[in-house]
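Right, one structure below, let's go through it.
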Amino acid sequence: MKPSIWEEVQKNGTGMEKLLLERVKQAILNVRENVSTHLHEMIGFKGEWTSEKTLQFETEVTPFLWNLNQAVHGGVIAYIADTTMGSLVYSRLPPGKMSVTSEMKINYIRAVHKGRLKTQAELLHLGKRTAVAECRIYDGDDQLVAVASASFAILDQKI
């Protein structure tokens, strides 16, 4: 009987293939427990509070995040900036409220090929109907990679 792709990767796969397989498994488990999203887990994004107002996320740069130039894809950088800012806004909302990104702007400064990516978001405004946040993205050498800002609409949560 021919082994499944999962068995073949576990036995003979490259390090990257095994990492992806592990992340897929973790994504499925965390989504089942409703603690994360599939994409969040596939990127390997981990967050922590660095102060009362600042949320930071970090991830390892792997070929999974690359574009065809072997640099982190701009869409990945936009995703992690949006996720960091959105998580920060959501954490400050009263019960029964949710937020969605209504607009985002990002300036890309330098390419990243290896190491780590770190995001730091700060809440600039939290009103009854809108919020505004800013996010700075750094590489593993603390060099600025991109700066993003976003507006969020605050809505009633649909249960």
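Just so you know, we're using the UniProt record's numbering here: the sequence shown kicks off at 1 and counts up by one.
Note that beta-carbon positions come from the ideal geometry of N, C-alpha and C, so glycine has one too.
Quick one: Cα of residue i to Cα of residue j, how far?
i           : j           : result
residue 79  : residue 12  : 32 angstroms
residue 151 : residue 57  : 19 angstroms
residue 29  : residue 86  : 23 angstroms
residue 47  : residue 32  : 20 angstroms
residue 100 : residue 128 : 13 angstroms
residue 115 : residue 60  : 6 angstroms
residue 147 : residue 63  : 23 angstroms
residue 134 : residue 3   : 48 angstroms
residue 149 : residue 121 : 9 angstroms
residue 126 : residue 18  : 42 angstroms
residue 102 : residue 9   : 40 angstroms
residue 26  : residue 34  : 12 angstroms
residue 113 : residue 131 : 33 angstroms
residue 73  : residue 52  : 30 angstroms
How would you call residue i, buried or exposed, if buried means at least 16 neighbouring beta carbons within 10 angstroms?
i           : result
residue 14  : exposed
residue 16  : exposed
residue 109 : exposed
residue 55  : buried
residue 153 : exposed
residue 160 : Here the chain covers residues 1 to 159 and nothing more, so residue 160 does not appear.
residue 137 : buried
residue 41  : buried
residue 145 : buried
residue 141 : exposed
residue 39  : exposed
residue 65  : buried
residue 5   : exposed
residue 82  : buried
residue 156 : exposed
What does residue i pair with, by DSSP beta-bridge criteria?
i          : result
residue 50 : Note: residue 50 sits in no beta bridge, so no partner.
residue 56 : 48, 120
residue 72 : 66
| query | Can we say the stretch 61 to 69 touches the stretch 87 to 107, given the rule of at least three CB pairs closer than 8 angstroms? | reply | As far as the Cβ criterion goes, the stretch 61 to 69 does not touch the stretch 87 to 107, which means the pair count is below three.
| query | Unbroken beta strand (DSSP E) runs of length 3 or more, entirely within the stretch 96 to 157: which are they? | reply | Counting only runs of 3+ residues, the beta strand (DSSP E) found wholly inside the stretch 96 to 157 occupies 97 to 108, 116 to 126, 130 to 139, 144 to 156, in chain order.
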